[in-house]
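S.K.:
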């Protein structure tokens, strides 16, 4: 039972790895005309979904190191897509917020992506897609928890890449 279950979940992970890589390639190519990178797009999406946040909070949501997020934020500030604001909760840590231009940009990018996605996986029903989301959320939660346990157990930071 556990071997079969583990094997089936491993099959899911085998599909996720190339999906992530190929998705990044497709998104990168579609972003090229806008001058955004995949990382910059991810920061814009976090801010659009969750509102102004500190760089460490954005990093936490994306499972990225603060330094990598800071580079993306600096590039986005340079392009006028985000701005830093005073943080009433902390004297030294500023909040990063979308500008109108940044909000427009992530809206256009997201609409384009949703339009392309709507034509994919046509052989899957809405229920099958919902089941896939449920399985992937559970795997993401449990694998992330395992990574955090390893971090705590070994006393080392778990690997994060920007």
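Numbering (the numbering used here), first residue to last: 90 to 251. All C-beta atoms, glycine included, are put in the ideal place defined by N, C-alpha and C.
1) Less than 8 Å between the CB atoms is what I'm expecting for residue 186 and residue 122, so what's the real figure, rounded?
2) Kindly list the residues whose CB is nearer than 8 Å to the CB of residue 225, restricted to its own chain and excluding five residues on each side of it in sequence; keep chain order.
3) State yes or no: is the C-beta of residue 118 nearer than 7 Å to some heavy atom of the ligand FMN?
4) Does the stretch 192 to 200 come into contact with the stretch 146 to 154, if we say contact requires no fewer than three beta-carbon pairs (one atom in each stretch) closer than 8 Å?
5) When we look at the beta-carbon of residue 108 and count the other beta-carbons within 10 Å, is it buried (16 or more) or exposed?
6) Could you tell me the boundaries of the alpha helix (DSSP H) in which residue 137 lies?
7) In whole angstroms, what separates the C-alpha of residue 171 from that of residue 134?
8) Secondary structure at residue 221, three-state DSSP: helix, strand or coil?
9) Rounded to a whole number of angstroms, what is the C-alpha to C-alpha distance between residue 199 and residue 181?
10) Which whole-angstrom value is the C-beta distance of residue 145 and residue 160, which I expect to be below 8 Å?
11) Looking at C-alpha atoms only, which residue of 215, 130 and 143 is the closest neighbour of residue 175?
12) Going by beta-carbon coordinates alone, are residue 168 and residue 128 separated by less than 8 Å?
13) Measure the alpha-carbon distance for residue 98 versus residue 165 and round it to whole angstroms.
14) Determine the contact status of residue 115 and residue 130, defining contact as a CB-CB distance below 8 Å.
M.R.: From the atom records:
1) The pair is not a contact, with the Cβ atoms about 25 Å apart (cut-off 8 Å).
2) Cβ neighbours of residue 225 beyond the five flanking positions: 101 and 105.
3) The ligand content of the structure shown is nil, which means the ligand FMN is not present either.
4) No: the two stretches stay apart, fewer than three of their Cβ pairs being nearer than 8 Å.
5) Around the C-beta of residue 108, fewer than 16 other C-beta atoms lie within 10 Å, and the residue is accordingly described as exposed.
6) Where residue 137 is concerned, the enclosing alpha helix (DSSP H) starts and stops at 127 to 139.
7) Within the model, the alpha-carbon separation for residue 171 versus residue 134 is close to 12 Å.
8) Here DSSP, grouped into helix, strand and coil, assigns residue 221 to helix.
9) Each residue's CA atom was taken as its position, placing residue 199 and residue 181 some 32 Å apart.
10) Wrong, their Cβ atoms sit about 14 Å apart, outside the cutoff.
11) Restricting attention to 215, 130 and 143, the CA atom closest to the CA of residue 175 is found in 143.
12) At least 8 Å separates the beta-carbon of residue 168 from that of residue 128.
13) Using only the alpha carbons, I get a separation of about 38 Å.
14) Contact check for residue 115 against residue 130 fails: the beta carbons are separated by 8 Å or more.
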